[in-house]
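Chemist: Chains as they are written, first to last, in my numbering: chain L, 0 to 337; chain R, 0 to 337; chain G, 0 to 337; chain U, 0 to 337. No residue lacks a Cβ here, since even glycine has one placed at the ideal position from N, Cα and C.
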């Protein structure tokens, strides 16, 4: 058993990490930190963990001889913590936005402050697991992707990697409210969102440049991304419906074969006629479907559990890569369906 | 047209009052106050009112020559405002909890502070419209009931008024989240309540003594009330399922006839086999159904729109009584159904 | 008072028509038909109408001396009924899909059978009220648009009418389940859709050619439409998020001014920063917002109540046009908000 | 590995059984039957099982040398199948209602037909696992309880077993719609239930006598049960709020100690201040809270996942008892929380 800790365990992603790590056959969860809740039982904040996690929140992670540290801290906080943790010899998997954007100018533009840890920014491997397993397997510092970038990029990667996209892509994303986090906001106040689908941050969400960065790398020239997130009245789950033009005459069958090849042997990506969000809830799976409509228009649909494949689950999957275990270790269970 | 104002118009009940009053054929809404939002457009806070309410929030209601003032202020605030408003000659309809409990000791026990306006407390008429129309018609100060007391007392009144209840009553109440108000709370954070039914304040909700007070008056001796509210994942709507023992052998048919008689000519109470919450949403109606189960056990079900009949709608209905108009004036529309 | 009837009143649109017509100050609802439910109380099927509609379902509408007939019948059924009703002298407003597509070949392609009433197809006026008021005012036969075409076309019309669109448009539509009708289906079985957002009929929905037809007319050359409907876990409400490229450098401010001009004096269209679906629920309003993102990309968002503006409400609005009344007659109330 | 089969695998409980058994470390799932779907992939009906269950539905279970058979068949069907399966030597766990009511007269009264397998009815052990582990461990035929009886009886058992209840109990139950099964019904049509809480079968649900039977056994004299189920707009989850009078003066603390003792070493029952349904979703846990209100009134709240602890999970737990494994084998994971 390797020793792990979660830094910043009071939020939803922190709780989900604890939930998954508590069942991981090769990881022992030694500590969960929270400055505000230090000294309190973790299971008081995350009552679903009673009987599974007996830890109290601690202030720091020192003294545990950790092999891996998961950072579930807010952006801005992560980059203050990473240098010291990384120098301790522990592997680091950061779930914040701090190390996702490779260009510090772009980071500053979208996050509103300077990046203060360029050294680790340079060596961070972007943990979109299905695309970068080999690099992640060699890494000791992984930057875990955002939920929207995970869902949308998986759905789009085969098309961009094969250079098939004419112009840009329009991403219409629908997320359950758990994606917005534990902080109370008007947008997630039930009376404001419980009977509605609410767009927000149209064209201004920080996940836009993250998606564009990966698609650009995949196709080898700048990818134009128009990204519109919406909150939907479910707690968990995410669906991205994506629209683009092909630069060639390809049939649905052509594309399905290309996708099958692209995701060959990838345990967590399932091609399907139309994704059913409920089929992936509680699991690390991603369901992808697509259609060709009219003249070279492609609609791609991709569904994940935003807290699992879109967060804690992919972090565990990346940890599995880092330590050389099969990708499904500790994640080998289906979604709920109904 | 008489002149009306809403004091404390930033919350959900304030917005709903404005919505209803904007369509009332005999009332002109002259002012809506909010200390915090003074100077801002009412329709910026309540965007569904664009095109219907062109007012800006004002700081005070003086200078309008008002005929009636609706107080949608929090408890504690109302009793500081009522003396002056009442002395101005305007009729007052208070939607807070300040004047509902007749005994100032009971008020203090449940609201945590002394009552400071005993004079108006003494003369306030409890505005459970179907029960007290005649008194309300004579009043110039009405204390509008809480949402839970409206829903549950309407369902129980015929049984208690006819002295048929053996022992007390158990009230299992389910409310949409709009009943909890506009203030952000963990209980109404969508991720915490959006896929759940959550009991809260078991036996400790301030509406318990309010319900007991009316039932006690109806049956002429102390009524024991056990009241458990739950938040359900809908924005609007309330259902109370209520359980009690009869002290006599009566059939369902006997009870249905008694209810029909009790609510004769009451426009907004509908007897039905089983209430359908959606049938009353957006309307001032109350649907009531009941069954006799086994040995003298009665199950009564009562459904309302918590913001209309459970708040702003009943306030308008009470205003109609005060001014001698038909009860349905400005409220004569059906619920949404689907 | 003019005399009206609803043919095919057992479904959700039929119930909603009855709900609205029961409150219309200039219309007397004389009959509601349903072959299957003939002889039964309308309010038994639509319990929210108890106290408002005392009719029983009838088999036919003959003998009432009707001024206007609303057809809420399925496609295929309407075109069998229209010739006789139209010849009776009554105005006709058809809410089915039978008379929306002007080209009988296109109709056959999408609806799967020949059109059998070419005469009335030729003279039917397409009732997208905000666009064609003048034509509707002259008509005695109106074909009421589908819910998705209403919501999306209103959001797109100013751009297409001004010839500003480069290429086609991607329409990502989210509809409450009431839009799918009263018939039981697996897609609307709560356990399959209640915690999900489910795309369906991707690129194959019958509303696609209807949207394309109007946009084509507006811009004067063929409009390419890619349309993906989704079911969302709300009962009422619809949001369309739409993506396209401008063929010119225009700012958000430019577009907002164009929209304001286009919808000048249109009571039911409200421009807003971001539409809030709940703000229009229960009302005939449409909220539209837009943004320009990156290089000439436009995101337009449009929200309606699918049963009101997307169905029965617009039918009443069209009836108002036909009879020369103000458009808001019988529809002059705001949405629910919370 | 022992060999298991699921008979009647096309429904929600059948799918959930397959989900759980696919991960069970000591069970190999050999066959899943469905007469209607024979020859089709199980994962086509239950798409969340793709990658986990590669079986096709079969017509029968013969020829597998099975050690245990789970019957997820409808009542009426089970009692036709059990005699043959039981005589094959396989252990049987029946999830239908056929063997729950010990008195064939009561069975006939509530299920509407004669019981045709009195022999197995006589020897069936009622699988309310936390109460009857020892008997189940000795059994080769287990009748798995209904979802409502599991949830409510667990919450009430300590009070009834200690003879503390004066009179009967009122059970107000709220269930997610998955409990109603895969069959399409008006009650589970999303537009009818998606924005509502709907009571049904008030006092007439078949789980009433099942609950009364166990409570009667526990207290040693007839228990009066008034049971009102409600459908709530969530897919999974169940909460029972229960009301009764104590026959003695006991404090909340007294009761909590009694419950702690009663459920000592029971892995899946968690005492909590107020149950949070979301905390048990996806898991086999039951959360119980209680309060004493006023004069000897007790409110007990109990929450489960209706498909897991209320169905397939408890069946697996019972299987674990039958084969002498720890109760949490294959079930040792927490609920989702958010």
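Please list the terminal residues of the continuous alpha helix (DSSP H) segment that includes residue 300 of chain R.
Modeler: As a working mapping, residue 300 of chain R is identified with position 301 in the second chain. First-last for residue 300 of chain R: 296-303, but that is the beta strand (DSSP E), not the alpha helix (DSSP H).
Chemist: Within 10 angstroms of the Cβ of residue 0 of chain L, are there 16 or more other Cβ atoms? Answer buried if so, exposed if not.
Modeler: Taking the first residue of the first chain as 1, we reach residue 0 of chain L at position 1. So residue 0 of chain L ends up on the exposed side.
Chemist: Helix, strand or coil: which one does DSSP assign to residue 76 of chain G?
Modeler: By one-based count along the third chain, residue 76 of chain G stands at place 77. Residue 76 of chain G: coil per DSSP, three-state reduction.
Chemist: With hydrogens ignored, establish whether the beta-carbon of residue 323 of chain U is closer than 7 Å to any heavy atom of the ligand GTP.
Modeler: Summarising the ligand content, the structure contains no ligands, and the ligand GTP is consequently not present.
Chemist: Going by CA-CA distance only, name the one from G:329, G:225, G:301 and G:230 that's closest to residue 170 of chain G.
Modeler: Walking along the third chain from the start, residue 170 of chain G turns up at place 171. Out of G:329, G:225, G:301 and G:230, G:225 has the C-alpha closest to the C-alpha of residue 170 of chain G.
Chemist: Report all residues from its chain with a CB closer than 6 Å to the CB of residue 222 of chain U; omit the five preceding and five following residues, and keep chain order.
Modeler: The residue you call residue 222 of chain U lines up with position 223 of the fourth chain. For residue 222 of chain U, where only same-chain residues beyond five positions count, the Cβ hits under 6 Å are 211, 214 and 215.
Chemist: Using CA atoms only, rank isn't needed, just tell me which of L:26, L:163 and L:138 is closest to residue 253 of chain L.
Modeler: For the purposes of this step, residue 253 of chain L is identified with residue 254 of the first chain, where counting begins at 1. Here the closest residue by C-alpha is L:163.
Chemist: Distance check for residue 232 of chain L and residue 193 of chain G, CA to CA, integer angstroms please.
Modeler: What you label residue 193 of chain G is simply residue 194 of the third chain in a count that begins at 1. What you label residue 232 of chain L is simply residue 233 of the first chain in a count that begins at 1. Near 9 Å, if we compare the C-alpha coordinates of residue 232 of chain L and residue 193 of chain G.
Chemist: Can you name the residues that DSSP bridges to residue 165 of chain G?
Modeler: As a first step, residue 165 of chain G is located in the third chain; it is residue number 166 there, counting from the start. Answer is G:244, bridged to residue 165 of chain G.
Chemist: DSSP three-state call for residue 176 of chain G: helix, strand or coil?
Modeler: As a first step, residue 176 of chain G is located in the third chain; it is residue number 177 there, counting from the start. Correct three-state label for residue 176 of chain G: helix.
Chemist: Looking only at its own chain, which residues have a Cβ that is under 7 Å from the Cβ of residue 280 of chain L, when we skip the five neighbours before and after it?
Modeler: Position 281 of the first chain, counting from 1, holds the residue named residue 280 of chain L. Cβ within range, chain order: 235, 236, 304, 334 and 335.
Chemist: Determine whether the Cβ of residue 45 of chain L lies closer than 8 Å to any Cβ atom of chain U.
Modeler: As a first step, residue 45 of chain L must be located in the first chain, where it is residue number 46. Taking Cβ atoms only, chain U reaches closer than 8 Å to residue 45 of chain L, which makes this a yes.
Chemist: What residue range is occupied by the uninterrupted alpha helix (DSSP H) comprising residue 279 of chain R?
Modeler: Against the second chain, residue 279 of chain R aligns to sequence position 280. 276-279 is the extent of the alpha helix (DSSP H) around residue 279 of chain R.
Chemist: Are residue 311 of chain G and residue 15 of chain G close, meaning C-beta to C-beta below 8 Å?
Modeler: Residue 311 of chain G sits at position 312 when you count from the first residue of the third chain. Residue 15 of chain G sits at position 16 when you count from the first residue of the third chain. Closer than 8 Å, so yes.
Chemist: When you check each C-beta in the region 259-278 of chain G against every C-beta of chain R, which residues fall closer than 8 Å?
Modeler: Within the region 259-278 of chain G, the qualifying residues are 266, 269, 271, 275, 277 and 278.
Chemist: Could you check what DSSP says for residue 125 of chain R in three-state terms: helix, strand or coil?
Modeler: Within the second chain, numbered from 1, the residue matching residue 125 of chain R stands at position 126. If DSSP states are grouped into helix, strand and coil, residue 125 of chain R belongs with the strands.
Chemist: Could you have a look at residue 182 of chain U and say whether DSSP puts it in helix, strand or coil?
Modeler: The sequence position of residue 182 of chain U within the fourth chain is 183, counting from 1. Here residue 182 of chain U sits in coil by DSSP.
Chemist: DSSP on residue 325 of chain R, reduced to helix/strand/coil?
Modeler: The sequence position of residue 325 of chain R within the second chain is 326, counting from 1. DSSP places residue 325 of chain R in coil when its eight states are reduced to three.
Chemist: Note down, in chain order, each residue of its chain lying with its Cβ closer than 8 Å to the Cβ of residue 290 of chain G, except the 5 sequence neighbours on either side.
Modeler: In the third chain, the residue the question calls residue 290 of chain G occupies position 291. Excluding residues within five positions, the ones whose Cβ falls inside 8 Å are 251, 297 and 298.
Chemist: Rounded to the nearest angstrom, what separates residue 64 of chain G and residue 87 of chain G at their Cα positions?
Modeler: Indexing the third chain from 1 puts residue 64 of chain G at position 65. Indexing the third chain from 1 puts residue 87 of chain G at position 88. Rounded to the nearest angstrom, the two C-alpha atoms are 9 Å apart.
Chemist: If distances are taken between C-alpha atoms only, which option among R:261, R:179, R:242 and R:243 comes closest to residue 230 of chain R?
Modeler: The count along the second chain starts at 1 and reaches residue 230 of chain R at position 231. Considering only alpha carbons, the answer is R:179.
Chemist: Pick helix, strand or coil for residue 153 of chain R, following the three-state DSSP scheme.
Modeler: Position 154 of the second chain, counted from the first residue, corresponds to residue 153 of chain R. Residue 153 of chain R: helix per DSSP, three-state reduction.
Chemist: Taking only beta-carbon positions, decide if residue 190 of chain R is within less than 8 Å of chain L.
Modeler: For this step, residue 190 of chain R is matched to residue 191 along the second chain. Yes, its Cβ sits closer than 8 Å to a Cβ of chain L.
Chemist: Pick helix, strand or coil for residue 365 of chain L, following the three-state DSSP scheme.
Modeler: Because chain L spans 0 through 337 in this model, residue 365 of chain L falls outside it and cannot be assessed.
Chemist: Give a yes or no on whether the minimum CB-CB distance between residue 51 of chain L and chain U is below 8 Å.
Modeler: Position 52 of the first chain holds residue 51 of chain L. At least one chain U Cβ lies under 8 Å of residue 51 of chain L.
Chemist: Please list, in chain order, the residues of the region 9-23 of chain R that have any C-beta partner in chain L closer than 8 Å.
Modeler: Per Cβ criterion, the list reads 11.
Chemist: For the region 268-276 of chain R and the region 313-322 of chain R, state whether three or more C-beta atom pairs, one from each stretch, are separated by less than 8 Å.
Modeler: Verdict: no, contact absent.
Chemist: Please name the residue in L:155, L:78, L:124 and L:286 whose C-alpha comes closest to that of residue 112 of chain L.
Modeler: Counting from 1 along the first chain, the entry for residue 112 of chain L is found at position 113. Answer by Cα proximity: L:78.
Chemist: Check whether the Cβ atoms of residue 27 of chain R and residue 3 of chain R lie closer than 8 Å to each other.
Modeler: As a position in the second chain, residue 27 of chain R is number 28, starting the count at 1. As a position in the second chain, residue 3 of chain R is number 4, starting the count at 1. Taking 8 Å as the Cβ cut-off, residue 27 of chain R and residue 3 of chain R qualify as a contacting pair.
Chemist: Around the C-beta of residue 220 of chain G, are 16 or more other C-beta atoms found within 10 angstroms, so that it is buried, or is it exposed?
Modeler: Within the third chain, the letter at position 221 stands for residue 220 of chain G. So residue 220 of chain G counts as exposed.
Chemist: Would you mind telling me which residues of chain R sit closer than 7 Å to residue 135 of chain U, beta carbon to beta carbon, in chain order?
Modeler: As a working note, residue 135 of chain U is residue 136 in the fourth chain. None at all; the shortest Cβ gap to chain R is about 30 Å.
Chemist: What are the residues that DSSP puts in a beta bridge with residue 228 of chain U?
Modeler: For the purposes of this step, residue 228 of chain U is taken as the residue at position 229 of the fourth chain. Note: residue 228 of chain U sits in a beta bridge opposite U:172.
Chemist: Using alpha carbons as the reference points, say which of L:166, L:54, L:174 and L:95 lies closest to residue 190 of chain R.
Modeler: What you label residue 190 of chain R is simply residue 191 of the second chain in a count that begins at 1. Of L:166, L:54, L:174 and L:95, the residue nearest in Cα terms is L:174.
Chemist: For a quick check, are the C-beta atoms of residue 318 of chain R and residue 67 of chain R less than 8 Å apart?
Modeler: The residue given as residue 318 of chain R occupies position 319 in the second chain. The residue given as residue 67 of chain R occupies position 68 in the second chain. Yes, these two residues count as a Cβ contact at 8 Å.
Chemist: For residue 71 of chain G versus residue 141 of chain G, is the C-beta spacing smaller than 8 Å?
Modeler: Working through the third chain from its first residue, we reach residue 71 of chain G at position 72. Working through the third chain from its first residue, we reach residue 141 of chain G at position 142. It is not a contact, given that the beta carbons lie outside the stated cut-off.
Chemist: How would you write the range of the beta strand (DSSP E) that residue 270 of chain R sits in, first residue to last?
Modeler: Stepping through the second chain from its first residue, residue 270 of chain R is reached at position 271. That run of the beta strand (DSSP E) goes 268-270.
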